[in-house]
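Going by this note's numbering, the residue at position 30 of the sequence shown is 33; the numbering climbs one at a time, nothing skipped. We treat Cβ as the ideally placed atom computed from N, Cα and C, and that holds for glycine. None of these values were measured; they are calculated from a predicted model. Below: the structure, in structure tokens.
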Amino acid sequence: MSTVMDVQAVYTLIDSLKSDGYEVVGPRLRDKALGYVAGTNGSDLPAGLGDDQSPGNYRTRDRGDGALFGFRSSPQSWRRWIFPPNAEVWSARRDNDSFVVDTSAPDSMKVAVIGARACDVAALTIQDKVFLDGQFQDPAYKARRENLLIVAVNCSLDADSNTCFCASMGTGPRVQAGHDIALTEIIEGDKHYFVADAQTDEGSRILEGISGAPAGTDEVAAADSAISNVADSMGRKVDADGLPELMNESYESPRWTVVGERCLSCTSCTMVCPTCFCTNIEDSGDLNGVATRTRSWDSCFTLRHSHIHGGAIRNTNKARYRQWAIHKMGTWQEQFGTSGCVGCGRCITWCPSGIDITEEVTAIREEA
């Protein structure tokens, strides 16, 4: 049963989550960009703010309509809240003639994310395959995942999204699974309301405590229509038919030389990607006899990433971009049974050279 809520009810929802002991992570304007920040209050939500995105370009703008979630994908995905950019793995300290090893206790803090889009929720299920579904599980990731509550938001307000292509990747703009509550924001003239749906028992329990009314057929139809409009007018698309096979057979494509001349190997695309999981391990010590092992995000665009004895395997920008694109769109399927791309468009927006992965895939398909 869908529920209709007003704007004040969304603020009440955030207060309720805090009362239940959740650390609320939500969208906020910071450093001229709309990103996710911990400690969110209702007053922090970017009411009336939207954004304009294109290859290599991002700007916020005033929508003039009071929308709480009137923006597209944020500069940062929220994988950082369950897979932090830097984390201590263990430390060891001298104890007389021996050492004592201290491993970090799993994070038990309950975190509620409000505003997660369909592409990001889909990305979370992909990261679950990486960190939880294999022979070995990451205990820190598992602990954070089990304490995560997701209040997702269907994309319903911008029917001219320019860098998104989630519809062609089958991941949006409607959130499909992996969330607790889904909100659809509707603005029609002087009407401003949300259609809320719970997917889990915890989501149902939370919504029961929020003021609202059962959604009528008109409200449900308006929500469905708004989401469909976004899907139909998405600015970019990828033909996913036979894509893994196409990418796996494209190794010698001359297109990689063309894109390699533009790529700066700056790592921006991998840092904003919600599914990338490469890490680097560093050991350090101090004069007090304490040694620490730290895990931090890494990127296949760095020269050291493929370095083995004798040098780097991928020592050109062309080779590194090719590795990233073929893995993301092709061999990821062999590893995890899904594509490594959810169509959020962040890699397009935040590439300083304006490289468009959808354009590159289309060019390779045309060559083939």
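For V124, the enclosing alpha helix (DSSP H) covers residues 121-134. As summarised for the segment 9-75, the continuous beta strand (DSSP E) elements at least 3 residues long and confined to that stretch are 26-33, 36-41, 52-57, 60-65, given in chain order.
G314 and C303 have their C-alpha atoms some 15 Å from each other. Separation of the CB atoms of G73 and G346 is rounded to 20 Å, and the pair is thereby denied contact status at 8 Å.
As a beta-bridge residue in DSSP terms, L152 pairs with A115.
Rounded to whole angstroms, the separation of the alpha carbons of P78 and Q336 is 26 Å.
Using a 10 angstroms sphere on the CB of T106, the tally of other CB atoms stays under 16, which defines it as exposed. Close CB contacts of A146 within its chain, under the 6 Å cut and outside five residues either way in sequence, are with P109, D110 (chain order). For L267, the closest C-alpha among the options N320, L249, D221, D244 is that of N320. Short of 6 Å from the beta carbon of G343, and not among the five residues preceding or following it, lie these beta carbons of its own chain, in chain order: T278, K331, W335.
Three or more beta-carbon pairs drawn from the segment 35-46 and the segment 12-24 are found closer than 8 Å, and the two stretches are therefore classed as touching. Just measuring C-alpha positions, the residue of A366, W353, G348 sitting nearest T166 is G348. At the C-beta level, E91 and T295 come within 8 Å of one another.
Inter-residue distance for D200 and K132 is about 26 Å (C-alpha atoms, whole angstroms).
Cβ atoms of G292 and R97 come within 8 Å of each other, at about 3 Å.
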